[in-house]
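Structure, as C-alpha cells:
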Amino acid sequence: MTDKLKMMVVDDEVEVLNALKRLFRKDFEVVAFSEPEAAAAALSETSFAVIVSDMKMPKMSGAELLSIAHETCPDTPRILLTGYSDIDSTAMAINQGKINNYINKPWNNDDLKNIVLQAAEQFQLKQSVQRLENELKLKNDLLRKQNQDLESKVQERTQSLSNLNEKLKSANDRQRSLFYDVIEMINLIIEDTTGGGDGHVKRVAGHCRMLALEMGLEKNQVTQVYLAGLMHEIGKVSLSDNLAKSIENELTRAELNEKQSHAVKGAEILQTVPHLKAIGVAVKHQYERFDGSGLPDHLIGTNIPLASRILTVVNEFDKLVLGRISSQKLSQSQAIDYLKKESKTFFDPEIVDAYVTLLNSEISLDQHNIDLCIGVDKLEPGMHLSQDLLNKQGGVVLTQGTEITPTVIAKLKAYEKEWRYIFNIFVH
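Taking the numbering used here, I'd label the letters of the sequence shown as residues 7 to 434.
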C-alpha cells in the first residue's frame, strides 16, 4: 500500500522506461507500459495523476494515446516526449487541445521533473476543487431538504389555527383592532407550539415596550422592541414538541443550542416580509451575550442590536420567574439578583439597571396594558389575577380573574409564613 500518486509512462524502448522509472520512483508510483494499446486499456481501470508518453511508437502514436486519455480522464495532465523531427505533429496535438505539455528528447532530468511535478500539483488541485464542489452540492441538498422540512412544519402548525377560532371570536367580542387581532393570532400559534398558557409572549412584549418608553427611545424604536417581543418565539414552530416545551437547565449543550436556534429560524420567517426585516434582526440576536459568548454570531457589547439587548433582559427575567430555565421558579427579587449578577457578562448593564428600576417603581398596569409578576408584599387591592395562583403542592389557591382584596393579601401572607413558600403572582 502506498500514498504516492500514480504516474503512467509509455515508451516502446525499455531503456527509456527504466530511465523514467529511476527518475520518478521517489515521487510517484510509476506504472510503465511498452505498448500504447495496453496503456490505453489501463486508463479506464486506474486513475493516474500524470501521463508521460513517447511520440513515435509502432501501431499507435503518443499523440493518439494522449487523445484517448483526454477522452477517458480529461483532468489528468498529458505530457509528450518528442524528437525535433516530430515538432509539426506535436504542434498539431497541442493546438487540438489534447496535450498539456511536451519536452524534447534527449531531455534534461531537472526540466522534465519540474514539468511533471507541476502537472501533478495541477491534477491534485483539480481533484480538490471537484471534491469541494461535491461537498458543497451535498450541503446545498441538505439545506434544501431542511428548508422543505421547515416549510412542512410551518404548514402543520398553521393547521392548528382551525382549533383556535373560538379564542379569536372571543377577541373580536372585545372589539379589538385589526392589528391586535393579528398579534393575538400569532400569540396563540406560539402558545400552541410551546405548550405555554402563562402569557409569556404578551408579557415580554409589554415589558419590552414599557422599558423602551422609560429609556426614552424614539417611537419607531419602541414599536420595533414591542414587535420583537411579540415575535421572539415564532421560530419555535420549527422545533419538536418535546424540545419546544423543555426546561433549559435539563438540556445538554447541544440540545440547548438546537433549542435556541429557533431565534435564527424565526428571523428567517420574519425577514420574508420586507417591513419585518428589522424585527427579524432583533429576534435573531436574542441569545447573544454582552461578553460575546452568545449565539449565533458572538456579537459583543453594543454591537448587539439595542432591541435584542432589551429583549434578552426582559425575556430572561420572565423565564426565571416562570420556571422555564430551571424547574424551580425564582421570586422577583431572586430573578433581579440574577440579572445584576450576570450584568456585563450576559446582559447590557445599563438596560439591567433601567429594568430593575422599572420593576421596583409604581407601575400603572392599566396604562401599559400588561400583567406583572410581583410578590405578596406588592399586591394592592383592586388588582386582578391574570392566571391561576398555585400553592406549594401545585393546587389552585385562587383562579384567574380573582380580585385582590385586603383579606386575600392577608391570607397569602399567612400561607407564605406557615409554609415558608414564596408566591409569584401575575396580576393585571
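Quick reminder that beta carbons are idealized off the backbone N, C-alpha and C, glycines included.
Here the structure is a predicted model, which means the values were calculated and not measured.
> Contact check, V287 vs P311 under 8 Å by CB: the rounded distance?
Replying inline: With 8 Å as the limit, V287 and P311 qualify as a contact, their Cβ atoms being about 6 Å apart.
> When the Cβ atoms of the region 55 to 71 are set against those of the region 134 to 150, are three or more pairs found closer than 8 Å?
Replying inline: When Cβ pairs closer than 8 Å are counted between the two stretches, the region 55 to 71 is seen not to touch the region 134 to 150, the count staying below three.
> In its own chain, which residues sit with a C-beta less than 7 Å from the C-beta of L418, not counting the 5 before and 5 after it?
Replying inline: Result list for L418: V382, F429, in chain order.
> Which whole-angstrom value is the C-beta distance of G241 and K265, which I expect to be below 8 Å?
Replying inline: Not really, about 10 Å apart at Cβ, beyond 8 Å.
>> Measuring straight from C-alpha to C-alpha, what distance separates E422 and L317?
In response: Taking the straight line joining both Cα atoms gives about 32 Å.
> What are the boundary residues of the alpha helix (DSSP H) that M237 is part of?
Replying inline: In the DSSP assignment, M237 falls within the unbroken alpha helix (DSSP H) covering 225 to 237.
>> Could you pull the DSSP bridge partners for Y108 from this structure?
In response: Partner(s): L86.
>> What does the alpha-carbon distance come out to for the pair Q161 and N321?
In response: Those two C-alpha atoms are separated by around 27 Å.
>> Judging by CA-CA distance, which residue of P112, D81, D155, F352 is the nearest neighbour of L49?
In response: Of P112, D81, D155, F352, the smallest CA-CA separation from L49 is found for D81.
> In terms of residues, what are the limits of the beta strand (DSSP E) holding V15?
Replying inline: First-last of the beta strand (DSSP E) with V15: 11 to 16.
>> Let me confirm a value: S339 is counted as buried when at least 16 other C-beta atoms fall within 10 Å, else exposed. Which label applies?
In response: Taking a 10 Å sphere around the C-beta of S339, we find fewer than 16 other C-beta atoms and assign the residue as exposed.
> By the 10 Å Cβ neighbour count, where 16 or more other Cβ atoms means buried, how is H304 classified, buried or exposed?
Replying inline: H304 is exposed by the Cβ-count criterion.
>> So if DSSP puts H390 in a beta bridge, which residue, or which two residues, is it bridged to?
In response: The partner list for H390 (beta bridge, DSSP) reads E409.
>> Using 9 Å as the threshold, is the C-beta distance between A126 and M13 below it?
In response: In this structure, M13 lies closer than 9 Å to A126 by Cβ.
> Does the Cβ-Cβ distance between S73 and K104 come in under 9 Å?
Replying inline: Yes, these two residues count as a Cβ contact at 9 Å.
> How about V56 and L87: do their beta carbons lie closer than 9 Å?
Replying inline: No; because the gap between Cβ atoms is not below 9 Å, this pair is not in contact.
>> Please report the straight-line C-alpha distance between L11 and I109, rounded to a whole angstrom.
In response: Rounded to the nearest angstrom, the two C-alpha atoms are 21 Å apart.
> Excluding five sequence neighbours on each side, which residues of the same chain lie with their C-beta closer than 7 Å to the C-beta of L396?
Replying inline: Correct list, in chain order: V402, V403.
>> Which residue wins for smallest C-alpha separation from K325, given the options Q277, L364, H238?
In response: Closest by alpha carbon: H238.
> What three-state label does DSSP hand S299 in the structure shown?
Replying inline: Three-state DSSP puts S299 in coil, outside helix and strand.
> To which residues of the same chain is T351 closer than 6 Å at the C-beta, ignoring the five residues directly before and after it?
Replying inline: D297, listed in sequence order.
> Under the DSSP definition of a beta bridge, which residues are partnered with C379?
Replying inline: According to DSSP, C379 shares a beta bridge with F432.
>> Bridge partners for V36 per DSSP, in chain order?
In response: Note: V36 sits in a beta bridge opposite M13.
> Taking the Cβ atom as the reference point for each residue, do D33 and D60 lie within a distance shorter than 9 Å?
Replying inline: With a cutoff of 9 Å on beta-carbon distance, D33 and D60 are scored as not near each other.
> Going along the chain, which residues of its own chain have a beta-carbon closer than 6 Å to the beta-carbon of A234, five neighbours each way excluded?
Replying inline: Setting aside the 5 residues that flank it on each side, A234 is surrounded in the same chain by I285, A288, V289, A313, L317, each with a C-beta closer than 6 Å to its C-beta; the list follows chain order.
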